[in-house]
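Encoded as structure tokens, the structure appears first; notes follow it.
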Amino acid sequence: MFNVISILIGLFALVLGIVPFLPFLAWGYWFVIPIAVVGAALGALSRRNAGRNLNLVLIVIFAIRLSLGGGFI
């Protein structure tokens, strides 16, 4: 059950992460990364690791994009 919730949270974070991907909106990742962290934590509580892996990949991608803009842009 935690895996399904984690995947749903990951998909929600992915949808929210599309908008900050545009130039000058990367500061939005400051709000999206904590959502993916919660999803990864719930995924770590389950036996399966698909939800956890999805959220970890999203965290890495969003953090790289955020760091490319200097954390603000």
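Quick note: the sequence shown, position 56, residue 56 per UniProt numbering, numbers continuous.
Even for Gly, the Cβ is constructed at its ideal location relative to N, Cα and C.
In this text, all values refer to a predicted model and were calculated from it rather than measured experimentally.
Worksheet item: Just reading off the alpha helix (DSSP H) that R65 is part of, what are its end residues?
Response: Taking the first residue of the sequence shown as position 1, residue 65 is located at position 65. Going by DSSP, R65 is part of the alpha helix (DSSP H) stretching over A50 to L68.
Discussion item. Could you tell me the alpha carbon to alpha carbon distance between L14 and L58, rounded to whole angstroms?
Written reply: Working through the sequence shown from its first residue, we reach residue 14 at position 14. Working through the sequence shown from its first residue, we reach residue 58 at position 58. The alpha-carbon atoms of L14 and L58 are separated by roughly 7 Å.
Worksheet item: Measuring CB to CB, does W30 end up less than 9 Å from L54?
Response: For the purposes of this step, residue 30 is taken as the residue at position 30 of the sequence shown. For the purposes of this step, residue 54 is taken as the residue at position 54 of the sequence shown. No.
Worksheet item: Is G43 closer than 9 Å to F12 when the C-beta atoms are compared?
Response: For the purposes of this step, residue 12 is identified with residue 12 of the sequence shown, where counting begins at 1. For the purposes of this step, residue 43 is identified with residue 43 of the sequence shown, where counting begins at 1. Cβ distance not < 9 Å, so F12 and G43 don't count as in contact.
Worksheet item: Straight-line CA distance for V19 to V32?
Response: As a working note, residue 19 is residue 19 in the sequence shown. As a working note, residue 32 is residue 32 in the sequence shown. Near 10 Å, if we compare the C-alpha coordinates of V32 and V19.
Discussion item. Just to confirm the assignment, what range does the alpha helix (DSSP H) spanning residue 75 have?
Written reply: Lying before the first or after the last residue shown, residue 75 is absent from the chain, which here runs from 1 to 73.
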